[in-house]
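Residue numbers (my numbering): 1073 to 1253.
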């Protein structure tokens, strides 16, 4: 089988996986948010079926909590199926967030592992908090990020593709943007 045909088959399988993961993520977000804690977005990696889930924390006035407006946990799909804490190393060097600026109802942040993009926690047109970013010149409310990893090491994984899924900020239509980091 030629390399081109294998590459096309692989891309078709990856697109199908991303579509199913997007559906699962929407169901998870809806289910978990109905339990009283708001899920902002998730990150899924090609390494396994586990996901990182980012939660919103509000203070008693309904504003993002100072110091830790967003927390994260693993959704351990491969073992327990439940949420487990993310260890210090993975927060500090991988999936944690670096708060750049926090105002009363808005928080700007970057991922500790990727400082090229700034994201904003703010209210959407419906008055609900969400995470917004500009990906390939498209402003979007982010719901799911998929990282395609091929080799590398624990400290320096080789991320070959990033797919960001969410909604167009103004039109509220589904958007999927893919880029190479």
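Note that the Cβ used here is the ideal one computed from N, Cα and C, for glycine as well.
Inter-residue Cα distance where the pair is residue i and residue j
i: residue 1167; j: residue 1182; result: 10 Å
i: residue 1114; j: residue 1175; result: 24 Å
i: residue 1230; j: residue 1253; result: 10 Å
i: residue 1251; j: residue 1152; result: 32 Å
i: residue 1254; j: residue 1188; result: Limits of the chain in this structure are 1073 at one end and 1253 at the other, which puts residue 1254 out of reach.
i: residue 1098; j: residue 1110; result: Low confidence applies to residue 1098: its pLDDT is 47, below 50, so where it sits in the model is not reliable, and the reading given next is rough at best. One C-alpha to the other measures close to 12 Å.
i: residue 1143; j: residue 1228; result: 23 Å
i: residue 1224; j: residue 1116; result: 17 Å
i: residue 1162; j: residue 1249; result: 25 Å
i: residue 1200; j: residue 1120; result: 31 Å
i: residue 1191; j: residue 1204; result: 6 Å
i: residue 1245; j: residue 1208; result: 16 Å
i: residue 1145; j: residue 1129; result: 13 Å
i: residue 1165; j: residue 1171; result: 14 Å
i: residue 1139; j: residue 1126; result: 15 Å
i: residue 1216; j: residue 1122; result: 13 Å
i: residue 1180; j: residue 1173; result: 5 Å
Integer-rounded CB distance, given that residue j should sit under 8 Å from residue i
i: residue 1177; j: residue 1242; result: That belief does not hold up - the Cβ atoms of residue 1177 and residue 1242 are roughly 19 Å apart, past 8 Å.
i: residue 1118; j: residue 1219; result: 7 Å
i: residue 1247; j: residue 1210; result: 6 Å
i: residue 1148; j: residue 1156; result: 5 Å
Endpoints, the beta strand (DSSP E) within which residue i is located
i: residue 1180; result: 1179-1183
i: residue 1230; result: 1229-1240
i: residue 1198; result: Residue 1198 -> no beta strand (DSSP E), and no H or E assigned at all.
i: residue 1170; result: 1169-1174
Identified DSSP bridge partners for residue i
i: residue 1219; result: 1117 and 1234
i: residue 1253; result: Residue 1253 pairs with nothing; no bridge assigned.
i: residue 1123; result: 1116 and 1147
i: residue 1161; result: DSSP, once it has assigned bridges, lists no residue as partnering residue 1161.
i: residue 1153; result: In DSSP, residue 1153 forms no bridge with anything.
i: residue 1226; result: Looking at the DSSP assignment, residue 1226 forms no beta bridge with any residue, so it has no partner.
i: residue 1111; result: 1127
i: residue 1138; result: Residue 1138 is not bridged to any residue.
i: residue 1192; result: 1180 and 1204
Near the ligand SAH: residue i beta-carbon under 6 Å from a heavy atom
i: residue 1121; result: Questions concerning the ligand SAH fall outside what the structure shown contains, since it holds no ligand whatsoever.
Exercise for the section: Count the C-beta pairs between the segment 1128-1142 and the segment 1225-1238 that are closer than 8 Å, then say yes if the count reaches three, no if not. Expected result: no
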